[in-house]
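Student: Right, I'll just put the structure down here and ask away after.
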Amino acid sequence: MFSTTQKIGILGGGQLGKMLCLAAADWDLKTYVLDASPDYPAGQVCTGFTAGDFNKYDDVLAFGLDKDILTIEIEHVNTEALRELERLGKTVHPAPRALDIIKDKGLQKEFYLQHDIPTARHELFGNEKQLKKAIESGKWSLPLVQKLCTAGYDGRGVAILRTAEDLERKLMPGVCIAEELAPIRTELAVVAARNAAGDVSVFPPVEMDFHPEANLVEFLLCPARVSPLVAAEAEALAEKVIRTFDICGLLAVEMFLTTDGQLLVNEVAPRPHNSGHHTIDSAPTSQFQQHLRAICNFPLGPTVQQMPAVMINLLGEPGHKGPVYYEGVEACLALEGVYIHLYGKALTSPFRKMGHATVTAATAEEAIQKAQFVKNTLKVKATNN
Ligand SMILES: Nc1ncnc2c1ncn2[C@@H]1O[C@H](COP(=O)(O)OP(=O)(O)OP(=O)(O)O)[C@@H](O)[C@H]1O
Ligand SMILES: [Mg+2]
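For my numbering, add 3 to where a residue sits in the sequence shown, where the first one is 1.
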């Protein structure tokens with residue numbers, strides 16, 4: 004029975020939570036959000052907001068008690084409380100046990116090894132000094148990638164160490180893994196979805212290009228410029244990964260296509276993901292609606308890419324910090340196939356994700372060109388600069 008009285012609780016009130024609430028509203032599904040402040044993006048559009056800390060056991064437990072389904076928009080949440088809520092009969096997606104593995108990059112990499120999922124070779128170190136010793140003794144050699152096991156996101160907690168000087172300057176303190184530097188031809192992401200009935204559906208692979216300074220995805224293209232064979236392999240790999248994690252909901256699988264044509268899983272995110280934003284404006288089902296379909300155990304929606312799309316993040320302009328305003332919106336709206344999404348954050352700071360724009364066109368080249376115009380024209384600035 005389709006019931007709109009079910010309460011969906013979302014841990015995290017950022018832009019992903021906001022877009023999830025907006026998708027839920029289409030079907031009159033009721034959304035409740037837990038985060039520090041109702042001023043956050045999701046606070047403006049959810050049915051109900053609870054101020055609290057999604058990392059605290061008591062806050063998550065209390066929040067979940069009167070909800071029917073619990074889900075997340077960020078993986079760094081208190082999973083002990085989610086486990087307790089599961090024991091109390093609540094539906095919790097994604098499963099807390101999968102979250103515990105994904106939250107820790109060391110455990111995540113072990114999981115890939117155990118389940119025969121291709122990934123770059125790695126080793127776990129108790130701290131950065133042990134990693135340094137392993138390099139000095141010749142066990143590991145530069146270049147390599149150091150990743151902190153916990154607390155990294157948006158490129159923080161990842162250091163690419165190429166030279167002896169990098170080793171002095173960039174090495175981060177803490178429990179970490181060393182990873183072989185993959186010879187990347189293209190970075191890909193596949194957003195997969197699975198419902199409780201076990202159906203799996205995947206969106207076509209997207210190609211990610213990174214901002215060299217901010218270490219954030221700056222530009223994303225769907226469909227990715229890879230052969231149909233590689234696209235099919237990437238989709239099959241994403242399906243294998245979501246099934247192996249036994250996740251209901253979305254799982255974004257970030258991959259490297261190497262120069263010798265191999266696909267390696269880099270990491271996963273068990274929630275809506277930056278690499279699925281374009282689906283709002285260019286696919287029959289948005290990733291947010293797909294997440295709802297999956298966690299509510301509805302049939303999954305079609306995922307065909309209707310036309311080439313480029314997604315760009317609208318990042319806070321460097322040097323600007325304070326109350327936000329947007330320059331050039333009108334000029335971008337004058338273009339056909341430009342869709343602007345502003346998250347509603349009151350304050351901007353350098354490289355903060357303040358919104359995104361999706362650009363569609365008949366060809367990938369045209370979409371890239373138009374996206375370049377949007378990137379050069381739409382600026383996120385502070386009124387006090
Ligand atoms: N083994 C590797 N070889 C080459 N490059 C890598 C490797 N691991 C990570 N990188 C580069 O660093 C980027 C960030 O790494 P990763 O995705 O693991 O970190 P993150 O901080 O969780 O990122 P985000 O939150 O932005 O997805 C990757 O997208 C890739 O460009
Ligand atoms: Mg990543």
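A virtual CB, placed ideally from N, CA and C, is assigned to each residue, including glycine.
Source: prediction; values computed, not measured.
1) Assess, as a yes-or-no matter, whether the region 318 to 335 is touched by the region 378 to 388 under the definition of 3 or more beta carbon pairs within less than 8 Å.
2) If we count Cβ pairs, one from each stretch, closer than 8 Å, do we get three or more for the region 73 to 89 versus the region 6 to 16?
3) Based on the DSSP output, what are the partners of L223 in its beta bridges?
4) Shortest alpha-carbon distance to D42 belongs to which of K356, F354 and G347?
5) Report the CB separation of K112 from I180 in whole angstroms; it is logged as a contact under 8 Å.
6) Assign L145 to one of three DSSP states: helix, strand, or coil.
7) If you check the beta carbons only, do V313 and A255 fall under 8 Å apart?
8) Measure the alpha-carbon distance for H125 versus K173 and round it to whole angstroms.
9) Where does S40 fall in DSSP's three states?
10) If you reduce the DSSP assignment to three classes, tell me which class H294 lands in.
11) Report all residues from its chain with a CB closer than 7 Å to the CB of A185; omit the five preceding and five following residues, and keep chain order.
12) Pick out whichever of A227, Y115 and K70 has its Cα sitting closest to the Cα of V95.
13) One question on the structure: do V271 and V229 come within less than 8 Å of each other, judged by their Cβ atoms?
14) What residue ranges within the region 114 to 181 form continuous alpha helix (DSSP H) runs of no fewer than 4 residues, ordered along the chain?
15) According to the neighbour-count rule (16 or more other Cβ atoms, all chains shown, within 10 Å of its Cβ), is H118 buried or exposed?
16) Check whether the Cβ of N316 lies closer than 7 Å to any heavy atom of ligand 2, and answer yes or no.
17) Apply the 10 Å Cβ neighbour rule to Q292 and answer buried if 16 or more other Cβ atoms are within range, or exposed otherwise.
18) Could you tell me which of A192, V36, I163 and A364 sits nearest to G340, measuring between CA atoms?
19) Which ranges does the beta strand (DSSP E) cover as unbroken runs of at least 3 residues, wholly within the region 247 to 293, from first to last along the chain?
20) Below 7 Å, is the gap between the Cβ of K150 and the nearest heavy atom of ligand 1?
21) Measuring alpha carbon to alpha carbon, tell me which of N316, L37 and S204 ends up nearest R296.
22) Considering only their Cβ atoms, is the gap separating Q290 from P311 smaller than 8 Å?
23) Run the proximity test for N58: is its beta-carbon closer than 7 Å to any non-hydrogen atom belonging to ligand 2?
24) Exposed or buried, which one is W30 when buried takes at least 16 other CB atoms within 10 Å?
25) Which whole-angstrom value describes the C-beta separation of A54 and A39, a residue pair presumed to lie in contact below a C-beta threshold of 8 Å?
26) Say whether the region 17 to 25 touches the region 275 to 288, bearing in mind that this needs 3 or more beta-carbon pairs closer than 8 Å, one atom from each stretch.
27) Could you check how far apart the C-beta atoms of D361 and H280 are, in whole angstroms? I think they sit under 8 Å.
28) If you run the structure through DSSP and keep just helix, strand and coil, what is G325?
29) In angstroms with no decimal places, state the Cα-to-Cα distance between A195 and N387.
30) Out of V307, K378, Q47 and G319, state which residue places its alpha-carbon closest to the alpha-carbon of E394.
31) Tell me which same chain residues have a C-beta within less than 6 Å of the C-beta of L127, skipping the five on either side of it?
32) Tell me the rounded alpha-carbon separation between R86 and C49.
33) Is the beta carbon of Y60 closer than 8 Å to that of A98?
34) Using alpha carbons as the reference points, say which of G322, I298 and A101 lies closest to Q9.
35) Can you tell which of L170, G92, K150 and P146 has the C-alpha that lies nearest to the C-alpha of D107?
Tutor: Reading from the atomic positions:
1) A contact between stretches requires three or more CB pairs, one per stretch, nearer than 8 Å, and the region 378 to 388 meets this requirement with the region 318 to 335.
2) Judged by Cβ distances under 8 Å, the region 73 to 89 makes contact with the region 6 to 16, as three or more pairs qualify.
3) M211 and M314
4) G347
5) 6 Å
6) coil
7) Against a cut-off of 8 Å, the Cβ pair of A255 and V313 comes out as no contact.
8) Roughly 18 Å separates the two Cα atoms.
9) coil
10) In this structure, H294 counts as helix in the three-state DSSP scheme.
11) Only A123, F259, T261 and L267 meet the Cβ criterion.
12) K70
13) no
14) 131 to 139 and 167 to 172
15) exposed
16) no
17) buried
18) It is A364.
19) 252 to 261 and 266 to 272
20) yes
21) S204
22) no
23) no
24) exposed
25) 7 Å
26) yes
27) Reading off the sequence shown, one finds Thr at residue 361, where the question assumed Asp. With 8 Å as the limit, T361 and H280 qualify as a contact, their Cβ atoms being about 7 Å apart.
28) strand
29) Cα to Cα, the separation comes out at about 42 Å.
30) One cannot answer for residue 394 here, as it falls past the ends of the chain, which runs 4 to 388.
31) G109 and I180
32) In a straight line, the C-alpha of R86 is about 24 Å away from that of C49.
33) no
34) I298
35) Measuring from the Cα of D107, the nearest candidate turns out to be K150.
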